[in-house]
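Numbering (the working numbering), first residue to last: 75 to 195. Backbone N, C-alpha and C fix where the C-beta goes; we use that ideal spot for every residue, glycine too. Keep in mind that this is a model prediction, so the values were computed, not measured. Note sheet for the following structure.
Here it is in structure tokens:
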């Protein structure tokens with residue numbers, strides 16, 4: 075009977091060993107999967123961070139592009155304004171030549187007494 079009890083105990087310890095081995099295997103597998111998930115999460119975080127950086131760079135480039143477009147528009151506006159000034163100066167010069175400088179200065183003084191025309195005579 076003692077022998078039967080010992081055999082029963084050996085069988086039960088072997089029966090307990092199998093689930094323990096399976097538990098250890100499952101625990102190791104779960105640990106490996108957790109490590110894989112952490113690695114994937116880290117990769118995803120890096121990817122998201124990279125996308126955010128790319129978006130920031132893209133926004134910066136678009137802002138600079140808009141800034142340059144505004145400067146180009148300002149340059150065009152300055153060109154047009156300067157063109158109109160040159161055109162007006164040419165018309166005034168032609169008028170001076172055809173009428174005579176003294177008559178123009180006299181007319182300007184009568185209409186705009188606050189203008190300083192001393193340099194014209």
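Indicate the three-state DSSP secondary structure (helix, strand or coil) for residue i in the structure shown.
i           : result
residue 124 : helix
residue 186 : coil
Have a look at residue i and residue j and give me their C-alpha separation to the nearest angstrom.
i           : j           : result
residue 102 : residue 119 : 25 Å
residue 156 : residue 135 : 31 Å
residue 175 : residue 133 : 58 Å
residue 171 : residue 141 : 44 Å
residue 123 : residue 114 : 14 Å
residue 153 : residue 159 : 10 Å
residue 96  : residue 111 : 22 Å
residue 117 : residue 106 : 16 Å
residue 121 : residue 109 : 18 Å
Can you find the residues in the same chain that come closer than 8 Å, C-beta to C-beta, to residue i, ignoring five residues on each side of it along the sequence?
i           : result
residue 189 : 182, 183
Quick one: residues in its chain with C-beta nearer than 6 Å to the C-beta of residue i, no 5 flanking neighbours on either side, listed in chain order?
i           : result
residue 139 : none
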